Each structure stands twice: as C-alpha cells, then as structure tokens.
Amino acid sequence: MDQTLHPLRNLDRRQAMRLAVSAPLAAVTAAWAAQAYAGACVAEDDLSPSESSMRRSLRYEEPSTDAAKICGGCAFYKSESGGCGKCQLLNGAVSVGGRCESWAPKPK
Ligand code: SF4
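Listed below in structure tokens is the structure:
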C-alpha cells in the first residue's frame, strides 16, 4: 500500500494531538450515551422519558460497581420477587444488585 494514501500518515503534529485527545473523549461520550439505565427488572422501552431521565441523572447502574452499596441494602428499596424490587426514588423496578448515587443505608 502506498504510505502517502494512509489517512493518518498526512496529519501534522497539531492534528495528531487533537485526534489523540478527542478520540478517547468521543468513545467515553458514546459509551455513556449508549448506556442503558433500565436493567434486568424493567425494559428501557417501558420507561417514560422522565423515568429514564431520572435514572440517568442519578446514574443508576446494574450491577453496582460497589459491592458494599447495592439496592438491596438501600433505604429506598422495597423487595419484591426474583431479584427485583421497587425503588421509591426512581419510582420503578430496580435490581437488588443495582445502585445509584442516592444510595443510603437501610436503618438498622
Ligand atoms: S435509591 Fe437506592 S434503591 Fe433506588 S436505585 Fe438508588 S440505590 Fe437503588
């Protein structure tokens, strides 16, 4: 292959720096935008726009990235069945193993 035809071969230093900075940011942004805030207990399509927005703003994740903080141990979680329960803040179904930024320990 003729090296002068490779698209990255003709970048100047400034263009290469811009690409090096922007490519990872674009990947992170795309991953964040594509992340589902629903989970095993509710389908994304069953969420209203406001419910979906609330999950996104509280950064609901499933499974929780912090094993010490899961919905099952949260004060706002009401257990139902099959590993699913209802969150009083998100007003909908969440997984016992999920979590959001409003996690608060159950009172003892
Ligand atoms: S408020 Fe508690 S139960 Fe509701 S999603 Fe967040 S961590 Fe889970």
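In case it helps, our numbering puts the sequence shown at residues 15 to 122. Every residue, glycine too, gets a C-beta built ideally from N, C-alpha and C. Computed from a predicted model, the values in this text were never measured in an experiment.
Use the C-beta contact count for Gly96: other C-beta atoms within 10 angstroms, 16 or more gives buried, fewer gives exposed.
So Gly96 ends up on the exposed side.
Taking the DSSP output, what are the residues bridged to Arg73?
For Arg73, which the question treats as bridged, DSSP gives no partner whatsoever.
If you drop the 5 nearest sequence neighbours on each side, which residues of the same chain put their C-beta closer than 8 Å to that of Tyr74?
Tyr51, Gly53, Leu104, Val108, Gly112, Arg113 and Cys114.
Excluding the 5 residues flanking Phe90 on each side, which residues of the same chain have their C-beta closer than 6 Å to its C-beta?
Closer than 6 Å at Cβ, skipping near neighbours: Cys101, Gln102 and Leu103.
What span of residues does the beta strand (DSSP E) with Val108 cover, start to end?
Residues Gly106 to Ser109.
Using alpha carbons as the reference points, say which of Ser93, Leu25, Glu58 and Ala118 lies closest to Arg70.
Residue Glu58 is the option with its Cα nearest to Arg70.
Just the Cα atoms here: how many angstroms apart are Asp80 and Ser66?
If I take the Cα positions, the gap works out to 22 Å.
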